[in-house]
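So the sequence shown is numbered by my numbering: it starts at 504 and just counts up by one.
For every residue, glycine included, the Cβ atom is placed at its ideal position computed from N, Cα and C.
A short worksheet on the structure shown next.
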Amino acid sequence: MYLQSTVKERVKVEGVGLHKGEPASITFCPAPEDTGIHFVRRDIEGEPWISPKAQFVKATQLATTLGSDYFSVSTVEHCLSAVTALRIDNLIIELSGPEIPICDGSAKDFYDALMAVGVVEQEQPRKYVRVTKPIYFGDGEKHAYIVPYNGLRVTCEIDFDHPEIGRQKIDLDVNPQSFGEEISRARTFGFQKDVDRLHAAGLALGGGYHNAVVLGEDRVMNEEGLRWQNEFVRHKALDAIGDIATLGKPLLGHIILFRAGHDLMNKLIQKLLENEDSYVEMELGAGLTDQAVVQKTLWV
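Following this line, the structure appears as structure tokens:
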């Protein structure tokens with residue numbers, strides 16, 4: 504898909520917010536060409552909006568939060584993951600409050616809602632950021648790279664000292680089908696001791712067994728178990744795909760992560776944007792696969 508796209512019609516997703524545990528909803532709405540992605544706070548006078556761009560990332564602890572001087576939108580990564588994978592360029596996302604609903608802790612509800620109404624092509628070409636030189640950001644044992652690639656690819660590896668997790672890796676070319684089948688249902692996860700501590704501090708009040716994989720000292724606490732044995736690293740890939748949206752344009756590149764989370768992803772994207780000789784902004788013609796177009800137009 505090389506033309507810009509939006510959704511065919513409005514569609515609503517409801518649930519509760521992760522942090523406050525209060526009812527929360529978002530509505531995906533069609534938007535004109537060259538609009539980009541806008542989160543709109545309908546509950547605030549003047550209905551202010553903010554775009555998912557790296558400079559607006561306000562916090563990265565437990566989730567990605569966008570913010571300005573007087574309002575914020577938190578836990579944006581799961582819905583943005585579905586939007587990115589479905590290659591939606593122009594979208595108004597109306598919010599009933601400060602939080603995106605956590606749903607079941609994955610991107611499934613957002614992906615299913617968008618698939619149900621469908622995505623429609625527009626007339627203007629997509630505008631890509633194509634990585635031309637490798638970029639690296641590291642912090643101790645955490646590492647994040649972005650390197651040239653003919654499409655969008657994500658490689659994630661995690662390493663936890665827990666018998667249910669251990670070392671896991673996933674490598675994925677991201678497209679609507681692969682995301683729907685391999686990534687969209689992967690739930691966020693946490694440790695029971697941390698959940699108890701957060702609840703005691705009045706945080707993560709909407710979190711629990713119904714919307715996260717919760718780990719005890721040596722086992723998964725959820726009665727239904729895991730959706731995949733490596734559901735943990737699949738969710739890390741889901742988060743990364745959502746955080747890619749803060750680039751502001753669709754990416755042609757390969758993200759490689761080891762023990763990285765939202766903070767490292769944000770710093771990696773900021774570093775890419777600061778190094779203007781490491782990427783080009785470009786349009787691709789319609790009607791061919793990503794790889795075919797890039798090979799014909801760039802790799803000669």
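Per DSSP, residue i forms a beta bridge with which residues?
i       : result
Thr-509 : Val-623
Gln-671 : Ile-661
Lys-515 : Thr-530
Ala-647 : Phe-640 and Leu-760
Gly-693 : Val-717
Leu-569 : Val-560 and Val-576
Ile-747 : The partner list for Ile-747 (beta bridge, DSSP) is empty, contrary to what the question assumes.
Phe-542 : Ile-553 and Ile-596
Met-785 : Tyr-631
Pro-604 : Gly-520
Arg-737 : Arg-737 pairs with nothing; no bridge assigned.
Leu-754 : Val-632
Val-586 : Answer is none; Val-586 lacks a bridge partner.
Asp-676 : Arg-656
Val-698 : DSSP output for Val-698 lists no bridge partner at all.
Short of 6 Å in beta carbon distance, which residues of its chain neighbour residue i, apart from the five on each side in sequence? Order them along the chain.
i       : result
Gly-641 : none
Met-504 : With a pLDDT of only 48 at Met-504, under 50, the local geometry of the prediction cannot be trusted, and the value read off the model is given with reservation. Answer for Met-504: Arg-590, listed in chain order.
His-757 : Val-650, Tyr-652 and Arg-656
Ile-772 : Ala-557, Thr-749 and Leu-750
Ser-584 : Ala-610, Leu-741, Ile-744 and Gly-745
Trp-802 : Because the pLDDT at Trp-802 is just 30, under 50, the model does not fix this residue reliably, and the point stays unresolved.
Phe-559 : Ile-553 and Leu-569
Ala-534 : Thr-509, Asn-593, Leu-594 and Ile-595
Asn-678 : none
So, for residue i: in the same chain, excluding its five sequence neighbours on each side, which residues have a beta-carbon less than 7 Å away from its beta-carbon?
i       : result
Glu-602 : Gly-520, Leu-521, His-522, Lys-523, Ala-527, Ser-577 and Thr-578
Lys-561 : Thr-568, Leu-569, Gly-570 and Ser-575
Gln-695 : Val-717, Leu-718, Gly-719 and Met-724
Val-620 : Val-510, Lys-511, Glu-512 and Val-514
Lys-774 : Ile-638 and Phe-640
Leu-708 : His-522, Lys-523, Gly-524 and His-702
Asp-612 : Val-516 and Cys-606
Lys-630 : Lys-752, Glu-784 and Glu-786
Val-698 : Ala-707, Gly-710 and Val-717
Exposed or buried, which one is residue i when buried takes at least 16 other CB atoms within 10 Å?
i       : result
Lys-515 : exposed
Ala-616 : buried
Tyr-782 : buried
Ser-681 : exposed
Gln-798 : Summary for Gln-798: the model assigns pLDDT 37, below 50, so the residue's position carries little reliability, and this model does not support an answer.
Ala-703 : exposed
Arg-544 : buried
Glu-784 : exposed
Pro-555 : buried
Gly-710 : buried
Asp-546 : exposed
Gly-600 : buried
Glu-734 : buried
Asp-674 : exposed
Glu-517 : exposed
Glu-548 : exposed
Glu-726 : exposed
Glu-580 : buried
Gly-728 : exposed
Less than 8 Å between the beta carbons of residue i and residue j, yes or no?
i       : j       : result
Thr-587 : Ile-744 : yes
Val-622 : Leu-754 : no
His-765 : Asp-742 : yes
Arg-690 : Asp-746 : no
Asp-572 : Ser-508 : no
Ala-740 : Lys-645 : no
Ile-596 : His-665 : no
Glu-605 : Asn-769 : The sequence given here places Ile at residue 605; Glu does not occur at that position. Not closer than 8 Å, so no.
Glu-660 : Lys-672 : yes
Phe-692 : His-738 : yes
Thr-658 : Leu-760 : yes
Arg-688 : Arg-730 : yes
Ala-647 : Leu-767 : yes
Tyr-614 : Gly-683 : yes
Leu-598 : Ile-529 : yes
Gly-643 : Asp-676 : no
Under 7 Å: does the beta carbon of residue i sit that close to some heavy atom of the ligand NAD?
i       : result
Ile-540 : As far as ligands go, the structure on display features none, and thus does not contain the ligand NAD.
Apart from the five residues just before and just after residue i, which ones in its own chain have a Cβ nearer than 8 Å to its Cβ?
i       : result
Asp-537 : Gln-507, Asn-593 and Gln-627
Val-736 : Cys-659, Glu-660, Ile-661, Gln-671, Lys-672 and Ile-673
### Task
Mind the definition here: the stretch 718 to 735 touches the stretch 625 to 641 only if three or more C-beta pairs lie below 8 Å; say whether that holds.
no
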